[in-house]
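2 protein chains.
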Amino acid sequence: MSDLTEEISSKSTRELILDEALHCFADRGYEGTSLNDIAAGVGIRRPSLLHHFPSKEALYTDVFEMLLSEWLEGLEVAMASPASGWDKAELVIRAGFDLFARTPDYVRIMRREALDSGVHVGVDLSGFLRPLFDNACAYFTAEMDAGHFRRHNAQHLIITGYGAILTYFSDAPFIDELFNDQALTPEHVRDHCDHVVAFFRAALVV
Amino acid sequence: MSDLTEEISSKSTRELILDEALHCFADRGYEGTSLNDIAAGVGIRRPSLLHHFPSKEALYTDVFEMLLSEWLEGLEVAMASPASGWDKAELVIRAGFDLFARTPDYVRIMRREALDSGVHVGVDLSGFLRPLFDNACAYFTAEMDAGHFRRHNAQHLIITGYGAILTYFSDAPFIDELFNDQALTPEHVRDHCDHVVAFFRAALVV
DNA sequence: TGCCCTACCTACCAGTAGGTAGCCAGTTAG
DNA sequence: CTAACTGGCTACCTACTGGTAGGTAGGGCA
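The listed protein sequences derive, respectively, from chains A and B.
For reference, each letter of the first sequence is one residue, going 109 to 314 in my numbering.
For reference, each letter of the second sequence is one residue, going 109 to 314 in my numbering.
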């Protein structure tokens with residue numbers, strides 16, 4: 109019992125640090141975030157933070173691996189669905205929206221990582237995402253070959269969809285200003301999701 | 109004449125600094141770029157750089173204003189064209205691709221600025237872009253009302269297009285890895301442009 | 001010749017970054 | 001009861017940041 113309590117309290121501080129780090133890195137980027145910022149957000153001093161993580165880079169890598177595992181899990185479940193044709197595409201798009209709306213901070217970190225060419229993270233990003241990408245390519249190609257979808261270049265099609273969906277979350281503060289409203293309210297996210305689904309359906313389904 | 113020579117040499121150093129700063133800020137962001145980096149790229153010392161620009165922030169703002177004026181000029185010309193219907197939409201999309209392919213560093217800076225909510229730049233970003241945004245909204249709404257385009261939410265439609273086009277340039281290093289090829293070669297840019305045009309045409313044109 | 005100006009330099013400032021050493025209170029284990 | 005471990009702390013380090021002070025080489029000009 110005491111063992112468990114200690115474990116919980118230890119894990120709790122660690123998780124508090126991870127949560128705060130996630131938020132700071134998403135908000136101000138790797139270079140723009142100091143360990144002091146994160147420690148202050150948790151309510152401890154920097155050396156105490158470094159007691160839980162050996163370095164800033166290690167902390168960032170841990171945050172990023174949380175992101176990757178969450179994305180892989182969420183998207184693989186959707187892509188493994190037995191649905192087919194447009195139903196499956198819509199299912200994956202909506203799963204992506206759910207996932208990203210739940211964790212917009214992850215989206216912003218991923219965007220920053222893409223901009224920085226992954227210099228801060230030790231993991232092989234493309235190695236992680238390539239299977240998903242190839243899987244999606246194969247799916248669209250098969251559906252186009254079967255005549256269910258209009259013919260498009262599958263690779264470029266996926267990049268287009270990726271950009272269309274992620275941008276709404278990564279650039280939310282910017283969109284707030286253009287819309288003169290909060291982009292990330294559940295209503296607006298649903299509206300945008302419905303729009304993207306309708307848009308892609310119109311573009312794809314014969 | 110000697111006056112002119114002096115002017116030219118002065119302007120030249122200033123422009124070298126602006127060019128190097130543009131590249132560094134696009135590559136590593138505002139926080140990730142030091143004035144030493146920029147000065148070293150130009151081949152002078154930091155204090156000499158600060159002789160031409162009063163502060164890092166002022167330098168960044170100058171770079172960003174170059175970006176804004178180039179974008180406004182390029183896009184306003186396209187949007188002012190007398191074309192109508194799909195022809196005009198395609199013209200604007202292709203003008204955007206030309207513009208962004210010519211200056212991918214600008215795209216990455218704009219993306220970073222959207223992520224950072226514009227904290228580094230003193231200009232009113234949404235104030236600058238709102239007229240373009242409203243103009244595009246009005247255009248699409250009119251075309252949809254006239255029955256030339258399928259009905260979509262104009263605001264979300266523009267965000268979708270914005271994300272689809274910009275992502276290809278801002279995330280180019282990332283796409284390189286997924287494609288196992290250089291995304292920004294003229295051939296690939298043209299391919300992606302053709303794809304986006306065909307995709308949007310299929311989604312929009314009745 | 002003497003003066004001002006531009007563009008650069010070295011040397012330095014205060015502040016902050018990430019990271020380390022070592023102390024200390026509280027808990028746990030033997 | 002004591003020893004060990006935990007997780008926090010203060011104090012310190014080095015490296016580097018943006019920015020300033022002061023000096024200098026050299027061109028234009030009266």
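Cβ atoms here follow ideal geometry from the backbone N, Cα and C, with glycine treated the same way.
Are the CB atoms of A:Leu167 and A:Ala134 within a distance shorter than 8 Å? Here the question's residue 134 of chain A lines up with position 26 in the first sequence. Here the question's residue 167 of chain A lines up with position 59 in the first sequence. A:Leu167 sits away from A:Ala134, with the two beta carbons spaced by 8 Å or more.
Please list the partners that A:Val304 has in chain B, where partner means a Cβ-to-Cβ separation under 7 Å. Against the first sequence, residue 304 of chain A aligns to sequence position 196. Within chain B, the residues Thr268 have their CB atoms less than 7 Å from the CB of A:Val304, given in chain order.
Can you tell me which residues form a DSSP beta bridge with A:Phe161? If you number the first sequence from 1, residue 161 of chain A lands on position 53. DSSP links A:Phe161 through a beta bridge to no other residue.
Supposed contact pair B:Leu180 and B:Phe236 - C-beta distance, whole angstroms, cut 8 Å: Counting from one through the second sequence, the residue named residue 236 of chain B turns up at place 128. Counting from one through the second sequence, the residue named residue 180 of chain B turns up at place 72. Taking C-beta atoms under 8 Å as the contact rule, B:Phe236 and B:Leu180 qualify, at a distance of about 7 Å.
Are the Cβ atoms of A:Val227 and A:Ile273 separated by less than 8 Å? Taking the first residue of the first sequence as position 1, residue 227 of chain A is located at position 119. Taking the first residue of the first sequence as position 1, residue 273 of chain A is located at position 165. No; because the gap between Cβ atoms is not below 8 Å, this pair is not in contact.
Skipping 5 residues on each side, what residues in its chain have a beta carbon closer than 8 Å to that of A:Arg258? On the first sequence, residue 258 of chain A is found 150 positions in, with the first residue counted as 1. Only residues of its own chain outside the window of five on either side were considered, and among them Met252, Ala311, Leu312, Val313 and Val314 have a CB closer than 8 Å to the CB of A:Arg258, listed in chain order.
B:Lys196 versus B:Glu285 - alpha carbon distance: In the second sequence, counting from the first residue as 1, residue 196 of chain B sits at position 88. In the second sequence, counting from the first residue as 1, residue 285 of chain B sits at position 177. For B:Lys196 and B:Glu285, the gap between their C-alpha atoms comes out near 34 Å.
Determine the DSSP secondary structure at A:Val227, reduced to helix, strand or coil. On the first sequence, position 119 is the one that residue 227 of chain A refers to. If DSSP states are grouped into helix, strand and coil, A:Val227 belongs with coil.
Taking the alpha-carbon of B:Phe208 as reference, which of B:Trp194, B:Leu175, B:Ser225 and B:Met187 has the nearest alpha-carbon? Residue numbering aside, residue 208 of chain B sits at position 100 when the second sequence is read from its first letter. Here the closest residue by C-alpha is B:Leu175.
For B:Asp111, the three-state DSSP class (helix, strand or coil): Taking the second sequence and counting its residues from 1, one reaches residue 111 of chain B at position 3. Confidence in B:Asp111 is poor, its pLDDT being 31 and thus under 50, which makes the residue's placement unreliable; the coordinate value appears in the next sentence. If DSSP states are grouped into helix, strand and coil, B:Asp111 belongs with the helices.
Express the C-alpha separation of B:Phe205 and B:Trp194 in angstroms, rounding to a whole number. Mapped onto the second sequence, residue 194 of chain B falls at position 86. Mapped onto the second sequence, residue 205 of chain B falls at position 97. Going by C-alpha positions, B:Trp194 is about 17 Å away from B:Phe205.
Run of the alpha helix (DSSP H) containing B:Ile283, from where it starts to where it stops: The count along the second sequence starts at 1 and reaches residue 283 of chain B at position 175. B:Ile283 -> alpha helix (DSSP H) spans Ala280 to Phe287.
My parser needs the alpha helix (DSSP H) runs of 4 or more residues fully inside the segment 185–248 of chain B; what are they? As far as the segment 185–248 of chain B is concerned, its whole alpha helix (DSSP H) runs of at least 4 residues are 193–210 and 212–223.
Beta-carbon proximity list for A:Phe172, same chain, < 6 Å, skipping 5 on both sides: Numbered from 1 along the first sequence, position 64 holds the residue referred to as residue 172 of chain A. If the five residues before and after A:Phe172 are omitted, its C-beta is found closer than 6 Å to the C-beta atoms of Val229, all from its own chain and listed in chain order.
Straight-line gap, B:Arg154 to B:Asp170 (C-alpha atoms, nearest Å): Locating residue 154 of chain B in the second sequence gives position 46, counting from the first residue. Locating residue 170 of chain B in the second sequence gives position 62, counting from the first residue. Roughly 17 Å between the two C-alpha positions.
Between B:Met109 and chain A, is the shortest Cβ-Cβ distance under 8 Å, so that the two count as touching? As a working mapping, residue 109 of chain B is identified with position 1 in the second sequence. Because B:Met109 carries a pLDDT of 30, less than 50, the predicted location of this residue cannot be relied on, and the following value inherits that uncertainty. It does not: the Cβ of B:Met109 has no partner Cβ on chain A nearer than 8 Å.
Partner residues on chain A for B:Asn261, Cβ-Cβ distance less than 7 Å: The residue labelled residue 261 of chain B in the question sits at position 153 within the second sequence. Correct list: Asp299 and His303.
In whole angstroms, give me the CA-to-CA distance for B:Ser177 and B:Val231. Start at 1 with the first residue of the second sequence, and residue 177 of chain B comes out as number 69. Start at 1 with the first residue of the second sequence, and residue 231 of chain B comes out as number 123. Taking the CA atoms as reference points, B:Ser177 sits about 12 Å from B:Val231.
Nearest-angstrom Cα separation, counted from A:Arg309 out to B:His186: Translated into positions along the second sequence, residue 186 of chain B becomes position 78. Translated into positions along the first sequence, residue 309 of chain A becomes position 201. The amino acid at residue 186 of chain B is misidentified as His; the sequence shows Ala. A straight line joining the alpha-carbon of B:Ala186 with that of A:Arg309 spans about 28 Å.
Proximity test, Cβ basis, 8 Å: A:Arg220 and chain B: Here residue 220 of chain A is taken as the residue at index 112 of the first sequence, counted from 1. Yes, A:Arg220 counts as interfacial toward chain B.
Could you name the residues of the same chain whose beta carbon sits closer than 7 Å to that of B:Leu265, not counting the 5 residues immediately before and after it, in chain order? Taking the second sequence and counting its residues from 1, the one referred to as residue 265 of chain B is at position 157. Taken in chain order, the residues that qualify are Phe248.
Option in B:Leu124, B:Ser142, B:Asp127 and B:Tyr138 with minimal Cα separation from A:Leu223: Along the first sequence, read from residue 1 onward, the residue named residue 223 of chain A stands at position 115. Comparing Cα-Cα distances from A:Leu223 to each of B:Leu124, B:Ser142, B:Asp127 and B:Tyr138, the minimum goes to B:Tyr138.
Go ahead and pull the three-state DSSP assignment for A:Pro313. In the first sequence, the residue the question calls residue 313 of chain A occupies position 205. Checking the sequence shown, residue 313 of chain A turns out to be Val, not Pro. Under the three-state reduction of DSSP, A:Val313 is assigned to strand.
Members of the segment 224–250 of chain A near chain B, C-beta cut-off 8 Å: Under the 8 Å Cβ criterion, the segment 224–250 of chain A contributes Asp224, Ser225, Gly226, Leu233, Ser234, Leu237, Arg238 and Phe241.
Give a yes or no on whether 8 Å exceeds the smallest Cβ distance from A:Phe208 to chain B. Stepping through the first sequence from its first residue, residue 208 of chain A is reached at position 100. Interface residue (Cβ-Cβ distance to chain B less than 8 Å): A:Phe208 is not classified as such.
Listed in chain order, which residues of the segment 270–294 of chain B have Cβ atoms closer than 8 Å to some Cβ of chain A? For the segment 270–294 of chain B, residues whose beta-carbon sits nearer than 8 Å to a beta-carbon of chain A comprise Tyr270, Gly271, Ala272, Ile273, Leu274, Thr275, Tyr276, Ser278, Asp279, Pro281, Phe282, Ile283, Glu285, Leu286 and Phe287.
Quick check: is the beta carbon of B:Glu178 nearer than 8 Å to any beta carbon in chain A? The count along the second sequence starts at 1 and reaches residue 178 of chain B at position 70. Any Cβ of chain A closer than 8 Å to the Cβ of B:Glu178 would place that residue at the interface, and such an atom is absent.
What number of angstroms, rounded off, separates the C-alpha of B:Ala244 from the C-alpha of B:His131? Residue 244 of chain B sits at position 136 when you count from the first residue of the second sequence. Residue 131 of chain B sits at position 23 when you count from the first residue of the second sequence. Their Cα atoms are separated by approximately 30 Å.
Keeping to the same chain, check which residues put their C-beta closer than 8 Å to that of B:Ser110; ignore five residues upstream and five downstream. Within the second sequence, numbered from 1, the residue matching residue 110 of chain B stands at position 2. In this predicted model, B:Ser110 has a pLDDT of only 32, less than 50, meaning its place in the structure is not dependable; the value taken from the coordinates is given anyway. The answer is none, since no qualifying residue turns up.
Closer than 8 Å, Cβ to any Cβ of chain A: which residues of the segment 156–184 of chain B, in chain order? Listed by position along the chain: nothing, the set is empty.
Can you find a C-beta in chain B that's less than 8 Å from the C-beta of A:Ala311? If you number the first sequence from 1, residue 311 of chain A lands on position 203. Yes - at least one Cβ of chain B is within 8 Å of the one on A:Ala311.
For B:Asp213 and B:Arg220, I'd like the C-alpha separation in whole angstroms. Taking the second sequence and counting its residues from 1, the one referred to as residue 213 of chain B is at position 105. Taking the second sequence and counting its residues from 1, the one referred to as residue 220 of chain B is at position 112. Rounded to the nearest angstrom, the two C-alpha atoms are 11 Å apart.
Considering only the alpha carbon of each residue, which of A:Ala280, A:Gly255 and A:Gly269 lies closest to A:His296? Numbered from 1 along the first sequence, position 188 holds the residue referred to as residue 296 of chain A. Nearest option by C-alpha distance: A:Ala280.
C-alpha gap between B:Gly271 and A:Ala254, whole angstroms: Within the second sequence, numbered from 1, the residue matching residue 271 of chain B stands at position 163. Within the first sequence, numbered from 1, the residue matching residue 254 of chain A stands at position 146. Roughly 29 Å between the two C-alpha positions.
Partners in chain B for A:Phe307, counting only beta-carbon separations shorter than 8 Å: As a first step, residue 307 of chain A is located in the first sequence; it is residue number 199 there, counting from the start. His260, Leu265, Thr268 and Ala311, listed in chain order.
To the nearest angstrom, how far is it from the Cα of A:Glu184 to the Cα of B:His260? On the first sequence, position 76 is the one that residue 184 of chain A refers to. On the second sequence, position 152 is the one that residue 260 of chain B refers to. C-alpha separation (whole angstroms): 30 Å.
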